[in-house]
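Data block below; observations after.
Residue numbers (our numbering), protein chains in the order written: chain A, 3 to 277; chain B, 3 to 306.
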């Protein structure tokens, strides 16, 4: 048992140390950061960098960063909403209906996961240009839904299958249609799976980099990963500012993951593992 | 097959399962393949031409020339070797560390919930932030790793962790493993939670100790989950791009240039879109190959 606690503490340290260092870097003064030997605890702590990110004017990198946060939030949220809406019906079909090519169809959806983005990048770019979707949030949302939806289908179909048919059958005997049973019986029970899927989808969308890099060029649609990469390029002297940006960029996904973590194990158990 | 259902005095034709399924799947099909199919076909088409600029125009048809170039290019094979190395090393570390972590999290101890909250953090951290963070930690002049090692007297001087090709590749693996092991751990934890307790009790009754019951009960029943982890991580590692872009851009001296980075450079830096397209398809074929192998193994173990 001592071993368990020792392992737990060691794990916690290994995981938290880089985070803590990132946090410290963001509030330490530049001289402390560049000192050799390194001072682990800074002599002065200042939140100046965070202030400069929030207060700077509209024409510079900090403004891009703020816009990036907003864009990422809107894009990730919309992607999850749409993918869930679309995927719930498809997942139901995979879970409850027997139809020809069922397995093949699911594998077809999953096979899109195997595509390296580079395989569709250039023609997709040209298509976006023609549809005037370049540098728009909608354009990114459309692209993101295309790779989040297969996840939704996979995890939710596995999850739906673990819900006993009898519950649904009982509802349908009472006069419910299939869809009615879906909404009134299955979805409420499937809440953990739905939340786990939403979390996955949100993290996927928030994290995406290559498409955002290529398809956006201004604050109209730039997402936070692109903004951070730019941060890194411009502020090579003061890493602390890049660290502050990184911390801010991580807060939404970290908070959401923290809040919904209970659902992850149960959602994965029924969805990804058995499916 | 159409069924006729009797609903009271009315006889209504209800579409059979196939029809309903098609209707339910239609939105998903549109959302996914509407975006993917045309560009996919277009890239394939482009890969048969020698395209060296992004502008539309007449480009010479070279048939399988780009593919022949790919398989004949020593840079391609080098990139493939690096990708294979990255994939194998990172996936196996993630699997083993993830398994240990999952076992740890499956034990009931005080503070387990706290540990679980901590473990999820690296996974939720955006890849770009992760790459940038580790790049800072590995910084040759001011990095925390150098400081830590010298202060603990493990090394005598500061090293350039991302400055030598093979070392840089391994450091990128460290960053990737740190971020992704939690995912493997949670998947395995989910798998562990599906193993019925009675089996452990039965094993204990038969006199099996902890180690024995791990190898006889846990591991065999965990195989489906392990395969899922392997498939998912292998595919991801083969496609790896973001973390390399932000940590090293594929350098130094192409030391971290995996095939996805290589394809990107062919297409966007060298503007050889025909080659980029061929490369992309070759990558996809490799991934498909791996996935099929794993799926075949999976199908034997798991009832669909």
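Idealized CB from N, CA, C, for every residue including glycine. Just so it is clear, the structure is predicted and the values come from calculations on it, not from any experiment.
8 Å Cβ cutoff, residue i in contact with chain A
i	result
residue 13 of chain B	Here residue 13 of chain B scores only 48 on pLDDT, less than 50, and its place in the model should not be relied on; the value that follows carries that caveat. It does not; no Cβ of chain A falls within 8 Å.
residue 153 of chain B	yes
residue 2 of chain B	Residue 2 of chain B is absent from the structure shown; chain B starts at 3 and stops at 306.
residue 4 of chain B	Any reading at residue 4 of chain B is ruled out, since the residue's pLDDT is 48, under 50, leaving its predicted position unreliable.
residue 198 of chain B	no
residue 306 of chain B	Caution is warranted here: a pLDDT of 39 is assigned to residue 306 of chain B, below 50, making its placement in the model unreliable, and the coordinate value is therefore given only provisionally. It does; some Cβ of chain A falls within 8 Å.
residue 265 of chain B	yes
residue 175 of chain B	no
Min CB distance residue i to chain B below 8 Å
i	result
residue 92 of chain A	yes
residue 70 of chain A	no
residue 117 of chain A	yes
residue 122 of chain A	yes
residue 48 of chain A	no
residue 187 of chain A	no
residue 266 of chain A	yes
residue 82 of chain A	no
residue 75 of chain A	no
residue 248 of chain A	yes
residue 145 of chain A	yes
residue 195 of chain A	no
residue 206 of chain A	no
Per-residue contacts from residue i into chain B (C-beta, under 8 Å)
i	result
residue 27 of chain A	138
residue 35 of chain A	144
residue 111 of chain A	30, 34
residue 244 of chain A	134, 138
Span of the alpha helix (DSSP H) around residue i
i	result
residue 234 of chain A	226-236
residue 96 of chain B	76-108
residue 181 of chain B	167-195
residue 31 of chain A	Careful: residue 31 of chain A lies outside any alpha helix (DSSP H) and carries neither H nor E.
residue 152 of chain A	139-163
residue 84 of chain A	63-98
residue 41 of chain B	19-48
residue 213 of chain B	212-215
residue 3 of chain A	Unbroken run through residue 3 of chain A: none, as it is neither H nor E.
residue 102 of chain A	No alpha helix (DSSP H) holds residue 102 of chain A; DSSP gives it neither H nor E.
residue 148 of chain B	146-153
residue 53 of chain A	50-57
residue 171 of chain A	167-175
Beta-carbon gap between residue i and residue j smaller than 8 Å
i	j	result
residue 79 of chain A	residue 154 of chain A	no
residue 40 of chain B	residue 125 of chain A	yes
residue 50 of chain B	residue 175 of chain B	no
residue 245 of chain B	residue 177 of chain B	yes
residue 67 of chain A	residue 217 of chain A	no
residue 200 of chain A	residue 82 of chain A	yes
residue 285 of chain B	residue 262 of chain B	yes
residue 100 of chain A	residue 19 of chain B	yes
residue 186 of chain A	residue 173 of chain A	yes
residue 46 of chain B	residue 291 of chain B	no
residue 249 of chain A	residue 28 of chain A	yes
residue 16 of chain A	residue 77 of chain A	no
residue 231 of chain B	residue 189 of chain B	yes
residue 266 of chain B	residue 243 of chain B	yes
residue 157 of chain A	residue 188 of chain A	no
residue 258 of chain B	residue 192 of chain B	no
residue 48 of chain B	residue 275 of chain B	yes
9 Å Cβ cut-off: residues of chain A touching residue i
i	result
residue 22 of chain B	95, 99, 101, 180
residue 219 of chain B	The premise fails here: residue 219 of chain B is roughly 17 Å from chain A at the closest Cβ pair, so nothing lies under 9 Å.
Neighbouring residues, chain A, relative to residue i (Cβ below 8 Å)
i	result
residue 121 of chain B	13, 17
residue 278 of chain B	120, 124
residue 111 of chain B	3, 6, 7, 10
residue 106 of chain B	6, 9, 10, 13
Within chain B, partners of residue i - CB distance below 7 Å
i	result
residue 114 of chain A	34, 38
residue 21 of chain A	123
residue 24 of chain A	135
residue 151 of chain A	30, 33, 34
residue 88 of chain A	29, 30, 33
Within chain A, partners of residue i - CB distance below 7 Å
i	result
residue 244 of chain B	211, 212
residue 222 of chain B	Those within 7 Å of residue 222 of chain B in chain A number zero; the least Cβ separation is about 15 Å.
The ligand MG heavy atom lying under 7 Å from the CB of residue i
i	result
residue 220 of chain A	By its list of ligands, the structure shown contains no ligand whatsoever, and the ligand MG lies outside what it can speak to.
Contact set between residue i and chain B, taken where Cβ atoms lie within less than 9 Å
i	result
residue 156 of chain A	Result: empty, since nearest Cβ-Cβ is about 10 Å, beyond 9 Å.
residue 260 of chain A	119, 122, 123, 126
Neighbouring residues, chain C, relative to residue i (Cβ below 7 Å)
i	result
residue 241 of chain A	Absent from the structure is chain C; the protein chains it does hold are A and B.
(message) Below 8 Å, how does it come out for the segment 216-225 of chain B and the segment 90-103 of chain A: are there three or more Cβ pairs, yes or no?
(response) The segment 216-225 of chain B makes no contact with the segment 90-103 of chain A, as fewer than three CB pairs between them are under 8 Å.
(message) So, does the segment 102-111 of chain B touch the segment 201-220 of chain A, judging by three or more C-beta pairs under 8 Å?
(response) Judged by Cβ distances under 8 Å, the segment 102-111 of chain B makes no contact with the segment 201-220 of chain A, as fewer than three pairs qualify.
(request) Take every Cβ of the segment 211-229 of chain A, pair it with every Cβ of the segment 78-97 of chain B, and state whether three or more of those distances are shorter than 8 Å. (result) When C-beta atoms of the segment 211-229 of chain A are compared with those of the segment 78-97 of chain B, fewer than three pairs fall below 8 Å, so the two segments do not count as touching.
(message) Closer than 8 Å is the cut-off here; do at least three beta carbon pairs connect the segment 138-153 of chain B with the segment 205-213 of chain B?
(response) Result no; under three Cβ-Cβ pairs closer than 8 Å.
(request) Examine the Cβ distances between the segment 160-170 of chain A and the segment 244-259 of chain A and report whether three or more of them are shorter than 8 Å. (result) The segment 160-170 of chain A, when compared against the segment 244-259 of chain A, does not touch it at the 8 Å Cβ threshold.
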